[in-house]
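So the sequence lines, in the order shown, correspond to chains D and B.
71 is the number of the first residue of the first sequence in the numbering used here; add one for each residue after it.
7 is the number of the first residue of the second sequence in the numbering used here; add one for each residue after it.
Working notes, beginning with the structure itself.
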Amino acid sequence: MAGENIIKEMTDAGTKIVTGYDNLVRIGDVEVATTPKELVFQQDKVKLYRYTRETKATYKTPVLISYALVNRHDMLDIQPDRSFVRNLLGMGMDVYIIDWGYPTRADKHLTMDDYVNWFLDEMVDFVRRNNGVEKVNLMGICQGGTLSTIYSALHPEKIANLVTLVTPIDFSTPDGLLFRWAKDINFDRIVDSYGAVPGEFLNNGFAMLKPMMRVNKYASLVDMMQDKDKLMNFLRMEKWINDSPDQAGECFRQFMKDLYQENKLVKGTLEIGGQQVNLKKITMPVLNIYATEDHLVPPTATIPLNDHIGSKDHELYKFSGGHIGVFVGGKSQKELAPAVGKWLKARD
Amino acid sequence: MDTKNFFAAWQETQTKLMNNWTESARKMQDAVRNGSAAEQGVNIYQEWLNNQTEITKTATEHASKNASELGGLFSQNGATKNGFDFTTYYNEWMNNQRELMNKTVSQMQDASKNFGFAMPNAQDWFTRMQEMQQNMWNPATNWMNNPMMSNPFNMQQNPMMTNWMNQSQEWMKNFMAPWQQLGEKLNDKTMKEAWENMTNMSQTWMNFYQQWQPMFKHMTENTWTPESFKSIFNPEQFRTMFDSQFNWSSPVHVKELFQQYSNWMETAQGYSRNMMEQMMAKMPENARQLMPFLAYGNGAENNSVFAAYQRAMNPLVRLYAPGKESEMNELFNAMMEKLATYGKKLTELQYHLYTNGAQTWEQFVNEAQEQIKKGVDLSNTQQVFQQWTAKNEEAMIALFRSDAYSKLQGELLDLGLEIRQQQEKMVTVVLSPLPIVMRSEADELHQTIYDLKKRLRALEKQAGATEEVKETKSSKKKAATV
Numbered sequence: 071m072a073g074e075n076i077i078k079e080m081t082d083a084g085t086k087i088v089t090g091y092d093n094l095v096r097i098g099d100v101e102v103a104t105t106p107k108e109l110v111f112q113q114d115k116v117k118l119y120r121y122t123r124e125t126k127a128t129y130k131t132p133v134l135i136s137y138a139l140v141n142r143h144d145m146l147d148i149q150p151d152r153s154f155v156r157n158l159l160g161m162g163m164d165v166y167i168i169d170w171g172y173p174t175r176a177d178k179h180l181t182m183d184d185y186v187n188w189f190l191d192e193m194v195d196f197v198r199r200n201n202g203v204e205k206v207n208l209m210g211i212c213q214g215g216t217l218s219t220i221y222s223a224l225h226p227e228k229i230a231n232l233v234t235l236v237t238p239i240d241f242s243t244p245d246g247l248l249f250r251w252a253k254d255i256n257f258d259r260i261v262d263s264y265g266a267v268p269g270e271f272l273n274n275g276f277a278m279l280k281p282m283m284r285v286n287k288y289a290s291l292v293d294m295m296q297d298k299d300k301l302m303n304f305l306r307m308e309k310w311i312n313d314s315p316d317q318a319g320e321c322f323r324q325f326m327k328d329l330y331q332e333n334k335l336v337k338g339t340l341e342i343g344g345q346q347v348n349l350k351k352i353t354m355p356v357l358n359i360y361a362t363e364d365h366l367v368p369p370t371a372t373i374p375l376n377d378h379i380g381s382k383d384h385e386l387y388k389f390s391g392g393h394i395g396v397f398v399g400g401k402s403q404k405e406l407a408p409a410v411g412k413w414l415k416a417r418d
Numbered sequence: 007m008d009t010k011n012f013f014a015a016w017q018e019t020q021t022k023l024m025n026n027w028t029e030s031a032r033k034m035q036d037a038v039r040n041g042s043a044a045e046q047g048v049n050i051y052q053e054w055l056n057n058q059t060e061i062t063k064t065a066t067e068h069a070s071k072n073a074s075e076l077g078g079l080f081s082q083n084g085a086t087k088n089g090f091d092f093t094t095y096y097n098e099w100m101n102n103q104r105e106l107m108n109k110t111v112s113q114m115q116d117a118s119k120n121f122g123f124a125m126p127n128a129q130d131w132f133t134r135m136q137e138m139q140q141n142m143w144n145p146a147t148n149w150m151n152n153p154m155m156s157n158p159f160n161m162q163q164n165p166m167m168t169n170w171m172n173q174s175q176e177w178m179k180n181f182m183a184p185w186q187q188l189g190e191k192l193n194d195k196t197m198k199e200a201w202e203n204m205t206n207m208s209q210t211w212m213n214f215y216q217q218w219q220p221m222f223k224h225m226t227e228n229t230w231t232p233e234s235f236k237s238i239f240n241p242e243q244f245r246t247m248f249d250s251q252f253n254w255s256s257p258v259h260v261k262e263l264f265q266q267y268s269n270w271m272e273t274a275q276g277y278s279r280n281m282m283e284q285m286m287a288k289m290p291e292n293a294r295q296l297m298p299f300l301a302y303g304n305g306a307e308n309n310s311v312f313a314a315y316q317r318a319m320n321p322l323v324r325l326y327a328p329g330k331e332s333e334m335n336e337l338f339n340a341m342m343e344k345l346a347t348y349g350k351k352l353t354e355l356q357y358h359l360y361t362n363g364a365q366t367w368e369q370f371v372n373e374a375q376e377q378i379k380k381g382v383d384l385s386n387t388q389q390v391f392q393q394w395t396a397k398n399e400e401a402m403i404a405l406f407r408s409d410a411y412s413k414l415q416g417e418l419l420d421l422g423l424e425i426r427q428q429q430e431k432m433v434t435v436v437l438s439p440l441p442i443v444m445r446s447e448a449d450e451l452h453q454t455i456y457d458l459k460k461r462l463r464a465l466e467k468q469a470g471a472t473e474e475v476k477e478t479k480s481s482k483k484k485a486a487t488v
């Protein structure tokens, strides 16, 4: 009966595995984030890099990228032909990026106030000093976008333009599982137990948002291994996924309780370092980019930003794809990055 | 068909076992608190054992009844080698808990010894308890191990299915083994992990293959009836497949946790009492190894020096051990109670997952049957597998979105972390007499460093602002002079 089938399928799979293994062995190290950059400033474990330019920047205002504290900014430069950063450089921008580092238990006490009013503020000031400009363009991604939005509300005089990508703002959305689950989680217990919330712990939670993805991913690896390029893409992504820094406890606590559970940013009741965060104080131009298939930050959490800010020059950009596709997909390289460049150029 | 029977019975039994544990642990804790541990311990243990035996017996009988009433739903599942073995499963559970209970009781006995002068029978109750256990346990175990009595699934009813399961399992084992070993030779960490995950995931695929292929055969040969699902569906194998996907919630992990805590408890218990004694007993030998010249001196004299040291240290060792043991006892009991509740909640969560998954599987199979009737080619198992995972994901997400699941998951996470905190407290108690910096002390130090850094930052900012003001003033002066 099925015996014949299984032998045939196993033999086919065996042949594929042998070829795939051969491809694997021939691959050297799996490298990500290879665009040259230079460490220009550091505060504690947080570093500021400036990407190397061979020609003079054609944009007057430098761009400062603030990625999420969860996972690493390497996603923006995952491989040379799928690099959001390379695209920005290619358009003539002077690009800086914040590396939030790897917090340990010793960093448990770092708060949102520290991340916004210390680290981010110091980085913004450095870029302003270094480039001799009054204001910088701030580009915030995911959680980094939320921090950038808060920063822009607190220090609008230092920001020329704000670009947010797949950024959660309205946490009352019923769409995302993460938003649903957060309502029933005791975040105090998590922070009090771990101190620094392990990246692996968070990664397990993210994996459950698409519970069968892991099974499918590895089941299709046998086929993917036949093509060296596809295999490399897969491995680079794996490397990025597994590189998840732990989270400084106090910052995580406030982010999850004040935002995910109480939606204070939109309600106007969020306090950072004793100051109330008023989104109406965001008066600079804002470009808000959301992804239609985003299962981590659903569009309903992102889109409302434009309704709450004080700026009259704001635009919503709809990207057809998922949370990660915004940075690595072909469409991202061909359409999104040029659109961001064009929008910024018009306001430079 | 009612696929809930197996999972419902499974959940019910797990809950009862956990309740029995919780109740007994509570009684023991109370007994220690009010100083009647020695007198009441035997009774509590006897009650626990009786309940445990009864629960298991009922569960097995219930499963047997299911098997006969449902006309073969579980008929193929009695495989003693590769299929689900109900008997072994519960035997493992019982052994595991019995071992743990023994250690807890033993620990209580030790704690009671410290107050032995007030309890004349404290010295012999453990022996009595052990005899009783032997008398009761043996018949219970024999009963459980008798396949005619306890095995609810008669593999003889469907030898072809058993043969298929055995063969395919064997093929898979032989097929994957060499590939798994190959992964060890990869140098890059990312590659190594990806390879390992791929070979591990193949087990899930194989489980799917095993279940799908016989159904597919029936469908293509037009011998499929609604009853066919009942006779082919293998709940335990389905559960294994789910566990391999959601390995974070495998019941094996809870069993392992019990085992680990039990071992840890044993180690910790002996640790404070024996460590110093062992160290001192080994001291002459160690010293000779470290300082060989001593061997040329007067060995007897050296030994007497060590013996004197040992005599001097002994009272100190004995001073702290009893006090810490009773504190440990409290912490241990509290933790085990939490662990039992965790086990119950985990069982509930798994019940949601399994029933949801089994219903989706049944729907999927029915839809596949309809497709085959319409002439759709489903011979590519890889594609069928992907269709199933897509459907399953949709159903899982709908479940995850429900209030009941989200709440339960939150409770489970909270409880798991509470156990972790409790465990840390226990480690602190064990290590407190040693010159080791505790985590809480390190945390205090980190807080101080953080506060100082913050102060420094504020001062730097203030200094920077003052500097800026000065610069502005001096440049204004210069401008005025010019």
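The beta-carbon is built from N, C-alpha and C at its ideal position, and this holds for glycine as well.
Note that this is a predicted model, so its numbers are computed, not measured.
Can you find the residues in the same chain that come closer than 8 Å, C-beta to C-beta, to residue i, ignoring five residues on each side of it along the sequence?
| i | result |
| --- | --- |
| L340 of chain D | I220, D328, L329, K334, Q346 and V347 |
Give the residues of chain B in contact with residue i, contact being defined as C-beta atoms less than 8 Å apart.
| i | result |
| --- | --- |
| E308 of chain D | T196, E199 and A200 |
| N286 of chain D | Q392 and T395 |
| V140 of chain D | The contacting residues do not exist; V140 of chain D stays about 18 Å from chain B at best. |
| D364 of chain D | The premise fails here: D364 of chain D is roughly 14 Å from chain B at the closest Cβ pair, so nothing lies under 8 Å. |
| D316 of chain D | Within chain B, no residue comes near D316 of chain D; the closest Cβ sits about 14 Å away, beyond 8 Å. |
| V292 of chain D | M204 |
In chain B, what lies closer than 9 Å to residue i by C-beta?
| i | result |
| --- | --- |
| K178 of chain D | D449, H452, Q453 and Y456 |
| G265 of chain D | R445, D449 and H452 |
| R96 of chain D | By Cβ distance, chain B contributes nothing, its closest Cβ being about 11 Å from R96 of chain D, past 9 Å. |
| A289 of chain D | M204, M207, S208, T210, W211, Q388, F391, Q392 and T395 |
| W188 of chain D | K460 and R463 |
| L305 of chain D | D194, T196, M197 and A200 |
| N200 of chain D | Result: empty, since nearest Cβ-Cβ is about 16 Å, beyond 9 Å. |
| N312 of chain D | K195, T196 and E199 |
Under 7 Å, do residue i and residue j count as touching if we go by C-beta distance?
| i | j | result |
| --- | --- | --- |
| P268 of chain D | D316 of chain D | yes |
| D147 of chain D | V140 of chain D | no |
| M341 of chain B | Q428 of chain B | yes |
| F389 of chain D | V396 of chain D | yes |
| G392 of chain D | D418 of chain D | no |
| D169 of chain D | K107 of chain D | no |
Mind pulling the chain D residues with CB within less than 7 Å of residue i?
| i | result |
| --- | --- |
| D383 of chain B | Here the premise fails: no neighbours, minimum Cβ distance about 13 Å. |
| I442 of chain B | Near I442 of chain B there are no residues of chain D at all, since even the closest Cβ is about 16 Å away, more than 7 Å. |
If the cut is a Cβ gap below 8 Å, which residues of chain D does residue i touch?
| i | result |
| --- | --- |
| R426 of chain B | S263 |
| E399 of chain B | K280, P281, M282 and M283 |
| M221 of chain B | None at all; the shortest Cβ gap to chain D is about 10 Å. |
| M402 of chain B | P281 and M282 |
Who are the near neighbours of residue i in its chain, counting only those whose CB is closer than 6 Å to its CB and skipping five residues on each side?
| i | result |
| --- | --- |
| G214 of chain D | S136, Y137 and A138 |
| N358 of chain D | T234, L375, N376 and L386 |
| E474 of chain B | none |
| H384 of chain D | V356 and N376 |
| G77 of chain B | For G77 of chain B, the pLDDT reaches just 34, beneath the cut-off of 50, and the residue's location in the model is therefore unreliable, leaving the point undetermined. |
Who are the neighbours of residue i on chain D, taking C-beta pairs under 9 Å?
| i | result |
| --- | --- |
| L192 of chain B | Y91, L94 and V95 |
Can you pull the chain B neighbours of residue i, defined as C-beta to C-beta under 7 Å?
| i | result |
| --- | --- |
| N231 of chain D | Residues of chain B passing the Cβ test: none, with the nearest at roughly 26 Å. |
| D99 of chain D | D194 |
Between residue i and the rest of its own chain, which residues show a CB-CB distance below 7 Å, the 5 nearest in sequence each way excluded?
| i | result |
| --- | --- |
| P36 of chain D | Nothing can be reported for residue 36 of chain D: it is not among the residues displayed for chain D, which extend from 71 to 418. |
| K245 of chain B | Note that residue 245 of chain B corresponds to Arg in the displayed sequence, not to Lys. Hits under 7 Å: Y360. |
- Task: With a floor of 3 residues, list each beta strand (DSSP E) that falls wholly inside the stretch 92-177 of chain D, ordered by position along the chain.
- Result: You should have 107-113, 116-121, 133-136, 147-149 and 165-169.
With 9 Å as the limit, tell me which residues of the stretch 143-168 of chain D have their beta carbon closer than that to any beta carbon of chain B; keep them in chain order. none
Identify each residue in the stretch 323-356 of chain D for which the Cβ-Cβ distance to at least one residue of chain B is less than 8 Å, and report them in chain order. none
key: Members of the stretch 405-422 of chain B near chain D, C-beta cut-off 7 Å   = F406, R407, S412, K413, Q415, G416, L419 and D420
Inset, instruction - Jot down the residue ranges of each uninterrupted beta strand (DSSP E) in the stretch 188-241 of chain D, minimum 3 residues, whole runs only, in chain order. - result: 206-211 and 229-235
Just by C-beta distance, which residues in the stretch 248-261 of chain D are closer than 8 Å to chain B?
R250, W251, K253, D254, I255, N256, R259 and I260
Note down, in chain order, all residues in the stretch 460-482 of chain B with a beta-carbon under 9 Å from any beta-carbon belonging to chain D. For the stretch 460-482 of chain B, which is checked against every Cβ of chain D, the residues closer than 9 Å are K460 and R463.
Next on the checklist: Beta carbons nearer than 8 Å to chain D: which residues of the stretch 229-245 of chain B have them?
Outcome noted: none
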